[in-house]
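The working numbering puts the first residue of the sequence shown at 1, with every later residue one more than the last. The structure under discussion appears below in the form of C-alpha cells.
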Amino acid sequence: MTQPTHIRRDGERPLLLDLFSCAGGAAMGYARAGFAVHGCDIAARPNYPFPYHRGDALSYLAHLITTGEIRRFAFVHASPPCQDKCTLTVGTNRSQGWGGTHVDLVAPTRELLDATGLPYVIEQPNGRAEIRKDLTLCGEMFGLGVIRHRNFELGGWSIEQPAHRPHRGRVRGWRHGRFYDGPYVAAYGNGGGKPTTAELQAALGIDWTDVREELTEAIPPAYAEHIGRAALAIRTAVGVAA
C-alpha cells in the first residue's frame with residue numbers, strides 16, 4: 001500500500017477532517033502533503049487508509065462543533081454526494097423520467113463548515129451543483145491517465161488556479177457504436193470499453209483499494225496533495241503552529 005511521503009510523525013501534523021470520505025482518494029493526497037487525516041463516511045470503508053468514523057457526515061460534523069472537538073482540526077475537506085447535480089447523471093435521470101430521488105447536500109454542508117471557523121474545501125464534479133468554482137483541477141495537470149475535472153469551493157482561504165493543459169486525445173471507449181482509442185480511461189461505470197480495475201488504479205494513482213465502486217468515485221490523490229500543500233504553505237506563512 002502506498003504510504004504518505006511526508007516524514008513528520010502524525011502527532012506533529014495538523015489534523016484534517018475528511019467528510020464523505022469514501023475510500024480515501026482525497027485523504028491520501030492530504031496525507032502526502034503533510035496532514036494527519038481522520039475520515040467520516042456513512043458506509044463501511046474497510047479500505048480507508050486512515051482512522052475514520054462511520055456515520056452521517058453532517059451529524060458527525062454538527063457533533064464536533066457542539067462539543068468543541070472541532071478545535072482539534074486545522075482543515076476540513078468535504079465531498080458531499082453529487083448525483084443530484086452531476087453532469088453524468090442529470091441527463092440520464094431526465095431521459096428515464098427519474099429525478100428528485102437524490103438529495104443535494106452542498107448547502108447544508110457549507111452552512112456547517114462556515115460554523116467551524118476553519119478553512120475548508122467543498123469538492124464537486126462538473127455539473128449543476130451550486131458551488132463557487134474557486135479551483136478546477138484536471139488529471140492532465142498531473143500527468144494522470146484520467147481527465148476527471150473536479151471543482152473546489154474554498155472557504156476562508158484561496159489558491160492560485162493553475163493553467164488548464166490541453167487534453168492529449170480522447171477518453172478510450174465506445175461512443176454511439178464506434179470505438180475510440182485515447183490516452184485516458186473512463187473512470188466511471190462498466191462496459192463500453194471501460195478500463196479494468198488495474199488500469200483504473202494506475203490511471204488514478206490509487207493502489208490501496210481494488211473495489212471498482214470506490215475507484216470510480218475517488219478523487220485522484222494528486223489533486224488533494226496539490227491543495228494540501230498550498231493550505232500548509234499558508235499556515236506556515238501566517239505562523240500557525242502545527
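Using N, Cα and C, we set each Cβ at its ideal position, and we do this for glycine too.
- The region 109-121 makes contact with the region 154-162: 3 or more CB pairs, one atom from each, lie closer than 8 Å.
- Leaving aside the five residues that flank P220 on each side, the residues in its chain whose CB is nearer than 8 Å to its CB run, in chain order, G25, G29, G139, F142, L144, V146, R148, L204, G205 and I206.
- Per DSSP, Q124 lies in no alpha helix (DSSP H); the unbroken beta strand (DSSP E) holding it starts and ends at Y120 to P125.
- Ranked by how close their Cα comes to the Cα of A62, the residues R168, R110 and E130 have R110 in first place.
- Collapsing the DSSP output to three states places H77 in a strand.
- The bridge partners DSSP lists for C40 are L19 and H53.
- Taking the Cα positions, E130 is about 7 Å away from V106.
- Taking 8 Å as the upper bound for CB-CB distance, V37 and F20 are not in contact here, some 13 Å apart.
- Taking the CA atoms as reference points, I42 sits about 31 Å from G193.
- Remark: C-beta atoms of L135 and F75 do not approach each other more closely than 7 Å.
- In this structure, C22 and E214 form a Cβ contact; the two beta carbons are roughly 6 Å apart against a cut-off of 8 Å.
- Judged by DSSP secondary structure, R175 falls within the beta strand (DSSP E) whose first and last residues are G173 to R175.
- Counting along the chain, the unbroken alpha helix (DSSP H) around E214 starts and ends at R212 to E217.
- Counting only the Cα atoms, R128 lies some 28 Å from R54.
- Runs of the alpha helix (DSSP H) lying entirely within the region 182-242, each at least 4 residues long, are 197-204, 212-217 and 221-237 in chain order.
- Taking a contact as a CB-CB distance under 8 Å, the pair A78 and V121 counts as one, their CB atoms being some 7 Å apart.
- Going by DSSP, E111 is part of the alpha helix (DSSP H) stretching over V106 to T116.
- If you look at G155, you'll find it in the beta strand (DSSP E) that goes R150 to G155.
- Residue pairing by DSSP places F179 opposite W174 in a beta bridge.
- Annotation: the continuous alpha helix (DSSP H) that includes R32 extends over G25 to A33.
- Just so you know, the alpha carbons of R45 and D18 end up roughly 13 Å apart.
- In the three-state DSSP reduction, L137 falls in the strand class (E or B).
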